[in-house]
Amino acid sequence: MAASSTVRARRDFDALSAVYDETRRPLDEETVEKLIAFVNQHRWNSVLEVGVGTGRIAGPLVARGVRVVGIDASRGMLTYAVRKGLPHLVRGAAHHLPFPDRTFDVSLFVHVLHILDDVTGALREAARVARHGVLAIMDPAPDVASADGLREETPRDVVRKVLVDAGYPDLLRSGPRPKEREILRAHPPTETLLLSDRVVTEPAANVLDTIAKRAYRHVLDVPPEVLDRAVRVARDRVGDRMVTYHRRETLVWWADPGTDGEPPFVGHAGR
Ligand SMILES: C[S@@+](CC[C@H](N)C(=O)[O-])C[C@H]1O[C@@H](n2cnc3c(N)ncnc32)[C@H](O)[C@@H]1O
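Each residue of the sequence shown is one higher than the one before, counting from 4 in the working numbering.
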């Protein structure tokens, strides 16, 4: 199961690597500052970033003097990390990290855990190669409803509905949050820290451009003409609106898992 999710991740992220950076925002300055402060506060010197991707996070950390080794399954994503000059990059799978036990101070996942089938196995493996446990940056908070309790139709909702009406499975049903909440329930962390929480307002057209660029792995298998039609319908319906959403980054730390005699990450948070 873990192996097949790695193969799928490799295929999907190879396909969308060319548009990844232009369709994802860099981490907020506040997020980077607080993450570095957390690492420094514990006097950690080495970080393994699992699912380093294009180096969106490793880049700012390395620039600030943190020693980061990045591993990723996708050659395409790593190509962009190499171009940014990141010095320590390895191609490999989250479930079989090619490092001896306790090589790094800490392992780090940023927006990766929700993608994995065998989350427990990946956490256990990340804990094996680290001396002080595992960090993750995620956004598990519930979506915020408007004052009347109703959620406005988003551009993503419109594309989703057109695709479902065209006979596709409900590919855009939910983002990562439900899965991230499930992971935290299965593996209660030692500590969580809100890194940043801001309200972002942007044209709906930006969201639709991102979907049209096929920058989401869920739509990669939809034929281009079908996706283009869905995006056209959404542009007609909501393309001139602004959309507002919360952007939160929460740091999660599972400290020294296993030191209390329990084997680390015995729970199950698979798919
Ligand atoms: C959503 S991207 C996040 C990249 C980066 N952490 C960021 O926040 O920009 C997920 C990354 O995890 C990698 N990935 C997914 N499953 C993986 C696995 N089983 N082993 C190694 N890398 C994996 C993908 O190739 C991709 O680069």
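For each residue, glycine too, the CB sits at the ideal point set by N, CA and C.
Just curious, the beta strand (DSSP E) that residue i is in, first and last residue?
i, result
"Ile-74", "70-75"
"Thr-311", "What is shown of the chain runs 4 to 274, which leaves residue 311 out entirely."
"Leu-92", "92-94"
According to DSSP, which residues form a beta bridge with residue i?
i, result
"Trp-257", "Val-137"
"Met-245", "Pro-206"
"Glu-52", "Gly-73 and Leu-111"
"Glu-252", "Ser-199"
Does the Cβ of residue i have 16 or more other Cβ atoms within 10 Å, making it buried, or fewer, making it exposed?
i, result
"Ser-177", "exposed"
"Arg-46", "exposed"
"Thr-193", "exposed"
"Phe-268", "buried"
"Thr-247", "exposed"
"Ala-40", "exposed"
"Asp-231", "exposed"
"Ser-110", "buried"
"Thr-262", "Note on Thr-262: pLDDT 49, under 50, position unreliable in the model; no value is reported."
"Ser-7", "exposed"
"Ala-150", "At Ala-150, the pLDDT of 48 sits below 50, so the modelled position is not reliable; the number obtained from the coordinates is stated separately. By the neighbour-count rule (16 or more Cβ atoms within 10 Å), Ala-150 is not buried but exposed."
"Arg-78", "exposed"
"Ala-84", "buried"
"Gly-124", "buried"
"Met-245", "exposed"
"Val-10", "exposed"
"Val-202", "exposed"
"Ala-66", "exposed"
"His-99", "exposed"
"Gly-136", "buried"
Specify, as a first and last residue, the run of the alpha helix (DSSP H) that residue i falls within.
i, result
"Glu-156", "Here Glu-156 belongs to no alpha helix (DSSP H), and DSSP marks it neither H nor E."
"Gly-79", "78-86"
"Gly-124", "122-131"
"Gly-62", "61-66"
"Asp-180", "It is worth fixing the name first, because residue 180 is Arg in this sequence and not Asp. Where Arg-180 is concerned, the enclosing alpha helix (DSSP H) stretches over 180-189."
"Ile-39", "32-44"
I think residue i touches residue j, with their Cβ atoms under 8 Å apart; what is that distance to the nearest whole Å?
i, j, result
"Leu-92", "Val-50", "Between Val-50 and Leu-92 the Cβ distance is about 13 Å, and since that is not below 8 Å, they are no contact."
"Leu-255", "Leu-126", "The amino acid occupying residue 255 in the given sequence is Val; Leu does not appear at that position. Going by Cβ atoms, the distance from Val-255 to Leu-126 rounds to 11 Å, so no, they are not a contact pair."
"Arg-13", "Ala-76", "4 Å"
"Phe-107", "Val-132", "6 Å"
"Arg-159", "Val-210", "6 Å"
"Arg-184", "Pro-226", "Not a contact, Cβ separation roughly 33 Å."
"Leu-166", "Ala-233", "5 Å"
"Thr-287", "Met-141", "Not covered by the structure: residue 287. The range shown for the chain is 4 to 274."
"Ser-199", "Thr-34", "5 Å"
Select from the options the residue whose C-alpha is nearest the C-alpha of residue i.
i, options, result
"Asp-31", "Leu-166, His-99 and Ile-60", "Ile-60"
"Arg-163", "His-114, Glu-52 and Ala-237", "Ala-237"
"Arg-86", "Arg-67, Ala-215 and Gly-62", "Gly-62"
"Ala-129", "Gly-95, Val-35, Arg-251 and Leu-38", "Gly-95"
"Ala-169", "Glu-228, Val-69 and Ala-18", "Glu-228"
"Lys-182", "Arg-220, Thr-213, Val-122 and Pro-172", "Val-122"
"Arg-240", "His-117, Pro-90, Val-161 and Ile-74", "Val-161"
"Arg-105", "Ala-218, Asn-43, Asn-48 and Ala-66", "Asn-48"
"Gly-73", "Glu-52, Thr-82 and Arg-27", "Glu-52"
"Pro-191", "Ala-258, Lys-216, Ser-199 and Glu-33", "Ala-258"
"Tyr-23", "Pro-103, Lys-216 and Pro-172", "Lys-216"
Using beta carbons (cut-off 9 Å, strictly below), is residue i in contact with chain C?
i, result
"Thr-247", "Protein chains in the displayed structure number just one, and chain C is not present."
Should residue i be listed as close to ligand 2, given that the test is whether its C-beta is under 8 Å from any heavy atom?
i, result
"Ala-130", "Here the bound small molecules are ligand 1; ligand 2 is not part of this structure."
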